[in-house]
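Visitor: Below is a structure I'd like to ask you about.
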Amino acid sequence: MSPSQVPRPVHVLSPDLVGVLEDRVGATMLAVIKKNKHTHCFSESPAFAAFHSAICNFGREDNVDISDDILLDTFCTTIPLTTYNSYEPFVAKILSETCQEDDVRDMFSPGLPYHIAVASSTSSPKPKFFCQYLHEGSMRYGGGNGGEIFWTFSLHYHQLVKIQNRNGDIIRTIPAAMGSSEMVRLRNGLKVENDHLNIMLAAGEWATSPVAVGFIRDMVETIFMVFTMSAVDMIRYMEEEWETLVAFIETVISLPVGDCQVCKLFVANDHSGL
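Numbering (the working numbering), first residue to last: 112 to 385.
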């Protein structure tokens with residue numbers, strides 16, 4: 112895009128745009144409040160005590176039959192800004208070694224978490240954990256604009272949370288990992304129970320190993336990396352295995368991928384995450 116095509120910045124929104132923005136924010140907050148009003152965190156956390164007290168002052172034990180305007184205003188005026196300290200006691204129940212379905216269902220949102228995101232340790236020595244739920248229409252990912260993309264990712268997880276029912280059966284295994292890792296799993300249907308298969312080339316045409324780079328017939332147009340260190344690790348890895356890489360391309364590039372057992376064996380033992 113040339114400089115002449117870049118839109119000029121808008122310093123002040125027009126009254127119409129301000130109204131649209133306020134309506135959208137208000138509708139989003141109301142949807143979140145109504146969806147999560149019966150969760151353990153919303154019902155039991157001291158951070159929401161003033162909100163529940165205000166609702167009771169309206170003669171309601173719940174927010175049923177209260178207008179949306181009053182509900183939203185009460186939520187915004189009674190609930191202070193919170194920190195991870197008010198969230199941690201509830202997520203700790205999900206991270207416990209023995210996790211029972213009855214104890215953790217509807218903890219932060221209806222149902223069970225689909226993923227537990229691990230935030231980087233930037234504000235404290237310990238990482239922070241945030242439960243993510245998968246509801247219909249809630250997950251949207253933008254695709255690329257085409258072309259060949261070299262995409263690095265990792266399926267590594269911090270821990271696996273196994274949720275048991277009353278009979279002791281494991282009903283769900285939830286990985287606690289980086290958000291980018293779960294994005295890859297969700298978009299490509301890679302369940303953590305099948306990780307022994309996910310690292311194989313048979314997992315999909317998009318999945319390759321650095322040694323199999325010779326199979327990319329078209330020029331790579333985009334390199335997608337979540338962290339800068341991935342580029343450093345990739346370059347170091349290729350330098351250390353340069354002779355193997357060149358020999359592999361020279362001797363195996365003409366073989367069909369399905370017959371390339373050497374390539375599959377290498378990928379199965381490759382834990383670099385690339």
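Beta carbons are placed, not taken as given, at the ideal position from N, Cα and C, and that holds for glycine.
Going by the beta-carbon positions, is the gap between residue 132 and residue 141 smaller than 8 Å?
Guide: no
Visitor: Excluding the five sequence neighbours on either side, which residues of its own chain have a C-beta within less than 7 Å of the C-beta of residue 315, listed in chain order?
Guide: With a pLDDT of 47 at residue 315, under the threshold of 50, the predicted position of this residue should be treated as unreliable, though the coordinate-derived value follows. Contacts found: 299.
Visitor: So for residue 126, helix, strand or coil by DSSP?
Guide: helix
Visitor: Within the continuous alpha helix (DSSP H) that includes residue 204, where are the two ends?
Guide: 195-205
Visitor: How many Å lie between residue 341 and residue 240 at the Cα?
Guide: 23 Å
Visitor: Under the three-state reduction of DSSP, which class applies to residue 337: helix, strand or coil?
Guide: coil
Visitor: Could you tell me the alpha carbon to alpha carbon distance between residue 288 and residue 268, rounded to whole angstroms?
Guide: 4 Å
Visitor: Going by beta carbon distance, what residues of the same chain come within less than 6 Å of residue 195, once the five residues before and after it are set aside?
Guide: 239
Visitor: Determine the burial state of residue 286: buried for a count of at least 16 other Cβ atoms within 10 Å of its Cβ, exposed for fewer.
Guide: buried
Visitor: Residues in its own chain within less than 7 Å of residue 169 by CB, not counting five upstream and five downstream?
Guide: 177
Visitor: So, are the CB atoms of residue 293 and residue 226 less than 8 Å apart?
Guide: yes
Visitor: Three-state secondary structure (DSSP) at residue 145?
Guide: helix
Visitor: In this structure, what does DSSP give as the bridge partners for residue 275?
Guide: In the DSSP output, where bridge partners are listed per residue, residue 275 has 211, 281.
Visitor: For the alpha helix (DSSP H) holding residue 151, just list the boundary residues, first then last.
Guide: According to the DSSP assignment, residue 151 belongs to the alpha helix (DSSP H) that extends over 151-155.
Visitor: Could you give the residue range of the alpha helix (DSSP H) that holds residue 162?
Guide: 160-168
Visitor: Between residue 244 and residue 265, how many whole angstroms is the CB-CB distance? I'm expecting something under 8 Å.
Guide: Your pair residue 244 and residue 265 does not check out as a contact, with CB atoms roughly 23 Å apart and the cut at 8 Å.
Visitor: Out of 147, 152, 189, 301, point me to the one whose CA is closest to residue 167's CA.
Guide: 189
Visitor: Determine the extent of the beta strand (DSSP E) in which residue 229 is found, giving its start and end residues.
Guide: 226-230
Visitor: Would DSSP call residue 219 helix, strand or coil?
Guide: coil
Visitor: Could you spell out where the beta strand (DSSP E) holding residue 240 opens and where it closes?
Guide: 239-243
Visitor: Could you tell me the distance, in whole angstroms, from the CA atom of residue 212 to the CA atom of residue 297?
Guide: 22 Å
Visitor: Is it right to say residue 308 is buried, meaning 16 or more other beta carbons lie within 10 angstroms of its own, or is it exposed?
Guide: exposed
Visitor: Check each candidate in 261, 192, 343, 222 and name the one with the smallest Cα separation from residue 242.
Guide: 222
Visitor: Using alpha carbons as the reference points, say which of 210, 185, 344 lies closest to residue 274.
Guide: 210
Visitor: Looking at the unbroken alpha helix (DSSP H) that takes in residue 235, where does it start and where does it end?
Guide: From DSSP, residue 235 is part of no alpha helix (DSSP H); its letter is neither H nor E.
Visitor: Below 8 Å on the Cβ atoms is my contact criterion, and I expect residue 205 with residue 224 to pass it. Report the Cβ-Cβ distance as a whole number of Å.
Guide: 7 Å
Visitor: So what's residue 186 in DSSP terms, helix, strand or just coil?
Guide: helix
Visitor: Is the CB-CB distance between residue 160 and residue 193 below 8 Å?
Guide: Taking 8 Å as the Cβ cut-off, residue 160 and residue 193 do not qualify as a contacting pair.
Visitor: Using 10 angstroms around the beta-carbon of residue 185, count the other beta-carbons present and answer buried if the total reaches 16, otherwise exposed.
Guide: That one is buried.
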